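Working notes, beginning with the structure itself.
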Amino acid sequence: MTGRAGRTDRARHTERRAPVGGGGGLLAGQRRALILAALRGRGGVRVGELTAELGVSEMTVRRDLDVLARQGALRKVHGGAVPAEPAVEPGFREKAALGAAEKRRIGRAAAALLPRAGAVAFGGGTTVCAVARELSPVPGLTVVTNSLPVAEVFHRLDAGASPAEVVLTGGVRTPSDALVGPVADAALAAFHVDVLVLGAHGLGVASGLTTPNLAEAATNARLLAAARRVVLVADATKWRADRLRTFARLDAVDVLVTDAAPPAAAGTALRSAGVEVRVAPPG
1 MTGRAGRTDR ARHTERRAPV GGGGGLLAGQ RRALILAALR GRGGVRVGEL TAELGVSEMT
61 VRRDLDVLAR QGALRKVHGG AVPAEPAVEP GFREKAALGA AEKRRIGRAA AALLPRAGAV
121 AFGGGTTVCA VARELSPVPG LTVVTNSLPV AEVFHRLDAG ASPAEVVLTG GVRTPSDALV
181 GPVADAALAA FHVDVLVLGA HGLGVASGLT TPNLAEAATN ARLLAAARRV VLVADATKWR
241 ADRLRTFARL DAVDVLVTDA APPAAAGTAL RSAGVEVRVA PPG
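Per UniProt numbering, the sequence shown runs over residues 1 to 283.
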């Protein structure tokens, strides 16, 4: 299996305010992911703004806010919503419920690209975990991961006799249940894997792959450096959710598996970067 090697973090990106983007054709999970992205970027959102930017009714926006509030992802206030306290970033379970159908589609499509034996690394995130759930390993597969949920998925595949050898890094736990920081970075520095399955909090033509967590950015860079081939899994809403820190450019990716065709400018940039785009089929 061939691909790019020795990928490094090469740029910094400062978060900027951006519109949520037209969303009249989006599914509920995609709308709610966009609402959370706008909330993180602005520190607060108004119902009227979301109605215009998403292209849906005020009732739909209020219903989405109600769902997100019940999940603990935000706190409703008069006329809109603010981040939930004390953490802005929702936890793994809350994020897993957003766009769950799209993540399952992406998971199935990405799992079909992976070897059943050899060494495969999995980063953190709910979409990456969806790929792990779809993979049927055979004896001889080694999984390297900094994701607690991914490690648990492989542990449950065959309790007590899993055909996969799972290597879980240490580190500091993030809201996404990923292990990051110097301990994780040191562990990953010694590994070389055939394929890396990676997610991102945000994607941008100029900014590349981004995350709001500085330690997670460094650990993701270590994962990229260890991989000969990189499969990025990200739903279409990630193109409207640039985050604080860039950890890789688009040309660090070999294949992008997503649920919808990227925006026109992003599609052009991906082709220029030599990234193969695969849109997961429906159903």
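For every residue, glycine included, the Cβ atom is placed at its ideal position computed from N, Cα and C. Please read all numbers here as calculations on a predicted model, not as lab measurements.
Along the chain, where does the beta strand (DSSP E) containing residue i start, and where does it finish?
{"i": "Ala73", "result": "Segment: none, Ala73 is in no beta strand (DSSP E) and carries neither H nor E."}
{"i": "Ala260", "result": "Premise fails: Ala260 is in no beta strand (DSSP E) and is neither H nor E."}
{"i": "Thr237", "result": "Neither: Thr237 is in no beta strand (DSSP E) and is coded neither H nor E."}
{"i": "Leu214", "result": "From DSSP, Leu214 is part of no beta strand (DSSP E) but of the alpha helix (DSSP H) over 214-226."}
{"i": "Val144", "result": "141-145"}
If you reduce the DSSP assignment to three classes, tell me which class residue i lands in.
{"i": "Gly55", "result": "coil"}
{"i": "Gly123", "result": "coil"}
{"i": "Arg249", "result": "coil"}
{"i": "Val47", "result": "helix"}
{"i": "Arg116", "result": "coil"}
{"i": "Ser272", "result": "helix"}
{"i": "Ala31", "result": "According to the sequence provided, residue 31 is Arg. The question's Ala does not apply to it. If DSSP states are grouped into helix, strand and coil, Arg31 belongs with the helices."}
{"i": "Ala84", "result": "coil"}
{"i": "Arg105", "result": "helix"}
{"i": "Ala164", "result": "strand"}
{"i": "Ala178", "result": "strand"}
{"i": "Val205", "result": "coil"}
{"i": "Asp194", "result": "strand"}
{"i": "Arg40", "result": "helix"}
{"i": "Arg62", "result": "helix"}
{"i": "Gly23", "result": "Note that Gly23 scores 49 on pLDDT, short of 50, meaning its location in the model is unreliable; the coordinates nonetheless yield the value given after this. Gly23: coil per DSSP, three-state reduction."}
{"i": "Val230", "result": "strand"}
{"i": "Arg173", "result": "strand"}
{"i": "Thr2", "result": "Because Thr2 carries a pLDDT of 46, less than 50, the predicted location of this residue cannot be relied on, and the following value inherits that uncertainty. Residue state, collapsed to three classes: coil."}
Measure the CB-CB distance between residue i and residue j and report whether it falls below 9 Å.
{"i": "Gly79", "j": "Arg46", "result": "yes"}
{"i": "Arg243", "j": "Thr210", "result": "yes"}
{"i": "Val166", "j": "Val197", "result": "no"}
{"i": "Arg222", "j": "Ala252", "result": "no"}
{"i": "Ala132", "j": "Val144", "result": "no"}
{"i": "Gly123", "j": "Ala178", "result": "yes"}
{"i": "Phe92", "j": "Pro175", "result": "yes"}
{"i": "Val275", "j": "Ala261", "result": "no"}
{"i": "Val172", "j": "Ala218", "result": "no"}
Relative to the alpha-carbon of residue i, which residue among the options has its alpha-carbon at the smallest distance?
{"i": "Ala117", "options": "Ala132, Leu26, Pro137, Ala109", "result": "Pro137"}
{"i": "Gly44", "options": "Glu58, Ala84, Arg63, Leu26", "result": "Ala84"}
{"i": "Arg31", "options": "Val277, Ala97, Leu148", "result": "Ala97"}
{"i": "Leu39", "options": "Ala189, Leu65, Arg70, Ala273", "result": "Leu65"}
{"i": "Glu102", "options": "Thr268, Thr246, Lys238, Ala266", "result": "Lys238"}
{"i": "Pro281", "options": "Ala110, Arg62, Ala248, Val230", "result": "Ala110"}
{"i": "Thr126", "options": "Arg70, Ala100, Val144", "result": "Ala100"}
{"i": "Asp185", "options": "Ser272, Val275, Ala266, Ala226", "result": "Ala226"}
{"i": "Ala81", "options": "Lys95, Glu94, Glu49, Ser57", "result": "Glu49"}
{"i": "Ala206", "options": "Arg245, Thr169, Val230", "result": "Arg245"}
{"i": "Val153", "options": "Val275, Val128, Val277, Gly181", "result": "Val128"}
{"i": "Lys95", "options": "Arg271, Ala248, Val257, His201", "result": "His201"}
{"i": "Glu53", "options": "Val67, Gly41, Leu168, Ile35", "result": "Ile35"}
{"i": "Ala121", "options": "Gly171, Glu134, Val150", "result": "Val150"}
{"i": "Arg156", "options": "Ala248, Leu135, Val255, Arg62", "result": "Leu135"}
{"i": "Gly208", "options": "Arg249, Ala130, Gly181", "result": "Arg249"}
{"i": "Arg108", "options": "Asp259, Ala264, Ala269", "result": "Asp259"}
Could you give the residue range of the alpha helix (DSSP H) that holds residue i?
{"i": "Asp185", "result": "182-188"}
{"i": "Val150", "result": "148-157"}
{"i": "Ala280", "result": "Where Ala280 is concerned, there is no enclosing alpha helix (DSSP H), given that its DSSP letter is neither H nor E."}
{"i": "Phe92", "result": "92-96"}
Sorry if obvious, but does the Cβ on residue i come closer than 8 Å to a heavy atom of the ligand MN?
{"i": "Gln30", "result": "You won't find the ligand MN in this model; it holds no ligand whatsoever."}
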